[in-house]
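Residue numbers (UniProt numbering): 1 to 310.
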């Protein structure tokens, strides 16, 4: 069951007919009808839908695509501008207004995707597919309260994530240079961790973000080697996240989604790796893991305004 109404249905198509003006010619008794040309009347075109604008901007920004290819600064700003929040000076109190809002993609927190789930220990997450090609993909993750997208990476990708509504905790990391796996030389300092992780092939990462975010807020941008390439999302309330990946995941091309466990820096002693006491909380050891068995991502039909491919 779902809400079928789209933004296009809500707004409708407003047609304005031009009235006919009668003009009296002072040199004759003839009444002339002055009609505006059809082409001129058609100039009152509908505004471009936000989701269509997003697609066309992505098509331009990721025109030259491929793993590790980061769009130019100008193109990054161009796409950021489509997802940015602005201060609406025409509303009392200067409210924050998103350029892309939930109803622009046919979503609201009352939809079934966002209901609290009592039957599952870990709530299922719904994915709405909007568009994908070799160079980029656009989709929306719908998370009910307590929904979690575990810590995972984005190999060779530039990613724009926009929280459409709700409050979400985001934790993200970047690898610490040099880019090399660091074998653990001793057992875990914590005996309980020693039992849980027998052979921790761990790698050092720096904490980039560890905070709560509430919509409206600006889009986050991560890069192949910066910006928090490995991240984890935890929904504190019903949340919807718009995701743009450039390029998208592709196993044949080596862009596999890898999941991780994270451990405090103090849990392991690793040869040659030392940090000052005041920097340890800002670093962690990441260990590769299989896709969590309790992670359920269910595809569903996107019911918002359709993207017209050009």
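For glycine and all other residues, C-beta sits at the position ideal for the given N, C-alpha and C.
Identity of the residues DSSP links to residue i by a beta bridge
| i | result |
| --- | --- |
| residue 287 | 202 and 261 |
| residue 300 | 128 |
| residue 139 | 129 and 243 |
| residue 215 | The partner list for residue 215 (beta bridge, DSSP) is empty, contrary to what the question assumes. |
| residue 209 | 172 |
| residue 255 | 250 |
Close-in-space but distant-in-sequence residues of the same chain around residue i (CB under 7 Å, 5 per side omitted)
| i | result |
| --- | --- |
| residue 234 | 148, 168 and 169 |
| residue 129 | 139, 299 and 302 |
| residue 307 | 51, 52, 55, 130 and 131 |
| residue 264 | 284 |
| residue 156 | 67, 68, 224 and 255 |
| residue 163 | 213, 215, 217, 239 and 241 |
| residue 291 | 259 |
Cutoff 8 Å; reference residue i; Cβ partners in own chain excluding five residues on either side
| i | result |
| --- | --- |
| residue 310 | 56 and 59 |
| residue 127 | 139, 140, 141, 142, 297, 298, 299 and 300 |
Euclidean distance between Cα positions of residue i and residue j
| i | j | result |
| --- | --- | --- |
| residue 66 | residue 294 | 32 Å |
| residue 63 | residue 142 | 28 Å |
| residue 296 | residue 47 | 38 Å |
| residue 280 | residue 103 | 43 Å |
| residue 223 | residue 242 | 17 Å |
| residue 253 | residue 146 | 33 Å |
| residue 137 | residue 282 | 32 Å |
| residue 312 | residue 272 | Outside the displayed range of the chain (1 to 310) lies residue 312, so it cannot be described from this structure. |
| residue 203 | residue 305 | 43 Å |
| residue 206 | residue 277 | 14 Å |
| residue 211 | residue 177 | 24 Å |
| residue 209 | residue 152 | 14 Å |
| residue 312 | residue 109 | Residue 312 falls outside the range modelled here, since the chain spans only 1 to 310, and no answer is possible. |
| residue 226 | residue 134 | 23 Å |
| residue 116 | residue 232 | 20 Å |
| residue 75 | residue 113 | 33 Å |
| residue 266 | residue 248 | 35 Å |
Span of the alpha helix (DSSP H) around residue i
| i | result |
| --- | --- |
| residue 81 | 73 to 83 |
| residue 237 | Careful: residue 237 lies outside any alpha helix (DSSP H) and carries neither H nor E. |
| residue 54 | 50 to 61 |
Segment limits, beta strand (DSSP E) that includes residue i
| i | result |
| --- | --- |
| residue 150 | 148 to 152 |
| residue 171 | 167 to 175 |
| residue 107 | Element bounds for residue 107: n/a, residue is neither H nor E. |
| residue 64 | Here residue 64 belongs to no beta strand (DSSP E), and DSSP marks it neither H nor E. |
| residue 221 | 220 to 222 |
Residue-chain proximity (residue i, chain C), Cβ-Cβ < 7 Å
| i | result |
| --- | --- |
| residue 58 | Among the protein chains of the structure shown there is no chain C, as only one such chain exists. |
Own chain partners of residue i with C-beta closer than 6 Å, once the 5 adjacent residues on each side are dropped
| i | result |
| --- | --- |
| residue 214 | 167 |
| residue 107 | 240 |
| residue 159 | 222 and 245 |
| residue 154 | 229 |
Item to complete: Indicate whether the contact test is met: 3 or more Cβ pairs, each with one atom in the region 213 to 227 and one in the region 114 to 123, closer than 8 Å.
Response: Flag = no, the region 213 to 227 and the region 114 to 123 do not touch.
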